[in-house]
Structures are given as structure tokens and as C-alpha cells.
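Take my numbering: the last position of the sequence shown gets the number 150, and nothing is skipped along the way. Worksheet: the structure to be examined is printed underneath.
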Amino acid sequence: MGKLNEMYPMKNLKLRAGSPPLFASALLALCLSTGLEAQAQSMQIPKPSAGLMPNPALGKKLYAANCASCHGADMKGSDKGPSMLHKVYEPSHHGDIAFQLAAKTGVRAHHWNFGDMKPIPTVTPDDVAHITAFVRMEQRQVGIR
Ligand code: HEC
């Protein structure tokens with residue numbers, strides 16, 4: 006062993022630099038950056054006005070007018086869209102940005118078989134922040150947090 010190391014010191018070094026864990030993490034970083042991050046960068050994520058206080062009561066009205074036709078007046082879904090009270094929509098899995106993006110760009114069907122959600126151009130980022138506050142309130146009431 007010692008002899009081999011002496012004979013090929015450079016080769017040994019190179020091998021270490023390109024060891025599998027490093028390669029794997031580089032690959033992972035690449036996947037992440039070509040996926041979500043690139044999406045977030047190329048797409049303007051709509052942001053509510055600075056200092057906005059999201060208001061669930063206002064969100065309730067906006068939800069009824071713009072989202073209830075598919076996600077259900079009781080938020081339990083319809084034949085056109087999923088329930089927002091499903092665990093998959095808990096804040097850690099679908100953060101507030103997911104709501105902004107859903108309204109702005111729509112959603113390609115990936116969790117269910119209702120088809121794609123089209124963008125909802127009738128709501129502003131502030132509206133969506135109010136709606137999200139209402140959804141979070143309803144979610145907390147059924148233990149989704
Ligand atoms: C025409 C029907 C329809 C309307 C109206 C609608 N949605 Fe959706 N929405 C869907 C469907 C269908 C999905 C599920 C797509 C899937 O994952 O399969 C969905 C998914 C979502 C998601 C999950 C996004 C993700 O990243 O997985 C959010 C958040 C959402 N909707 C928010 C809203 C909000 C807020 C409104 C109102 C401003 C709204 N939706 C109005 C049909 C609708």
C-alpha cells in the first residue's frame with residue numbers, strides 16, 4: 006500500500022477529490038438548481054405588498070368568489086378540485102409561495118386527477134395572501150398545521 010501511494014501520489018489525490026459523496030452532492034445541487042430554484046428565478050414569484058396584514062375574514066370572501074368553485078365552499082373539494090384541508094396542503098409542504106404561484110401561473114396536475122388548475126387572473130398577490138390566511142385558519146381548525 007505504502008509503496009503504491011508513493012508511486013502515484015497525484016492519482017490518489019485526484020481520486021479523493023472526486024469521491025462519490027462529493028459527486029453526489031454536486032449532482033443533487035444541480036438537480037435542485039435546474040428544478041425548483043431555476044423555476045423560482047426565471048419566474049417572478051408574486052409578492053404581497055410590504056407590510057400587508059393578511060386578513061382571514063377578507064380572505065374568506067375572496068376565496069368564495071375565486072376558489073370555492075373548485076376547492077369547495079367548505080374547502081373540502083369538488084369534482085373540479087381537491088380539498089384544501091388535506092394534509093398534503095399543510096404549510097410545510099405547500100407554503101404560502103405555492104398559493105401565489107398557483108394563482109399566478111396555475112398548477113399542473115400532479116397530486117390528483119382533476120386536471121390542471123388554470124391561472125386565476127382575477128386575484129392580486131394581496132388577495133392571495135388574504136385567501137392563504139383564511140385557508141391556514143381553516144386548516145388549523147382541523148388539525149393541519
Ligand atoms: C377551475 C378549478 C380551480 C379553481 C377555480 C382554483 N383551483 Fe386551485 N387547484 C385546482 C386543481 C385541480 C388543483 C390540483 C392540481 C394537482 O395537484 O393535481 C389545484 C391546486 C391548488 C393548489 C396546490 C398547488 C400545488 O403547488 O400543488 C393551491 C395552493 C391552489 N390550488 C390554490 C387555489 C386558490 C388560492 C384559488 C383561488 C384564487 C384556486 N386554487 C382556484 C383547481 C382549481
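C-beta: ideal position from N, C-alpha, C; glycine also.
Fill in: For PHE139 and PRO87, believed in contact at Cβ under 8 Å, the rounded distance
Taking the sequence shown and counting its residues from 1, the one referred to as residue 87 is at position 82. Taking the sequence shown and counting its residues from 1, the one referred to as residue 139 is at position 134. About 17 Å separates the two Cβ atoms, so there is no contact after all.
Worksheet item: Going by DSSP, which residues form a beta bridge with GLY86?
Response: Here residue 86 is taken as the residue at index 81 of the sequence shown, counted from 1. Beta-bridge pairing links GLY86 to SER83.
Worksheet item: Relative to the alpha-carbon of PRO51, which residue among ILE102, ILE149 and GLN144 has its alpha-carbon at the smallest distance?
Response: In the sequence shown, the residue the question calls residue 51 occupies position 46. When only C-alpha atoms are compared, the closest one is ILE102.
Discussion item. Taking the alpha-carbon of ARG141 as reference, which of LEU106, LYS92, VAL128 and PHE119 has the nearest alpha-carbon?
Written reply: Counted from its first residue, the sequence shown places residue 141 at position 136. When only C-alpha atoms are compared, the closest one is LYS92.
Worksheet entry | Touch test, the stretch 124-134 against the stretch 142-150, Cβ-Cβ under 8 Å, three pairs minimum | no
Practice prompt. Specify the secondary structure class of MET122 as computed by DSSP and reduced to three states.
Written response: Translated into positions along the sequence shown, residue 122 becomes position 117. Reduced to three states, the DSSP call for MET122 is strand.
Discussion item. Taking the alpha helix (DSSP H) that ALA114 belongs to, which residues open and close that run?
Written reply: On the sequence shown, position 109 is the one that residue 114 refers to. Taken as a continuous stretch (DSSP letters only), ALA114 belongs to no alpha helix (DSSP H), as it is neither H nor E.
Worksheet entry | Nearest neighbour of ALA55, chosen from ARG113, CYS75, PRO130 and PHE104 [CA to CA] | Position 50 of the sequence shown holds residue 55. Among ARG113, CYS75, PRO130 and PHE104, the Cα nearest to that of ALA55 is on PRO130.
Fill in: Rounded Cβ spacing between HIS135 and LEU67 (contact assumed at less than 8 Å)
Position 130 of the sequence shown holds residue 135. Position 62 of the sequence shown holds residue 67. Right, the Cβ-Cβ distance comes to about 6 Å (below 8 Å), so this counts as a contact.
Worksheet item: Taking the alpha-carbon positions, what's the VAL147 to GLY100 distance?
Response: Here residue 147 corresponds to residue number 142 of the sequence shown, with the count starting at 1. Here residue 100 corresponds to residue number 95 of the sequence shown, with the count starting at 1. For VAL147 and GLY100, the distance between alpha carbons rounds to 18 Å.
Worksheet entry | Boundaries (first-last residue) of the alpha helix (DSSP H) holding GLY64 | Counting from one through the sequence shown, the residue named residue 64 turns up at place 59. Unbroken alpha helix (DSSP H) run through GLY64: 61-71.
Discussion item. Tell me which residue opens and which closes the alpha helix (DSSP H) that ARG141 is part of.
Written reply: The residue you call residue 141 lines up with position 136 of the sequence shown. Segment 130-146, the alpha helix (DSSP H) holding ARG141.
Fill in: Alpha-carbon spacing of HIS98 relative to ALA70, whole angstroms
The residue labelled residue 98 in the question sits at position 93 within the sequence shown. The residue labelled residue 70 in the question sits at position 65 within the sequence shown. Answer to the nearest angstrom: the Cα atoms are 25 Å apart.
Worksheet item: Cβ-heavy atom distance between PRO130 and the ligand HEC below 7 Å?
Response: Working through the sequence shown from its first residue, we reach residue 130 at position 125. No, since every heavy atom of the ligand HEC falls outside the 7 Å radius drawn around the Cβ of PRO130.
Item to complete: With DSSP as the reference, label GLN49 as helix, strand or coil.
Response: Along the sequence shown, read from residue 1 onward, the residue named residue 49 stands at position 44. Three-state DSSP puts GLN49 in coil, outside helix and strand.
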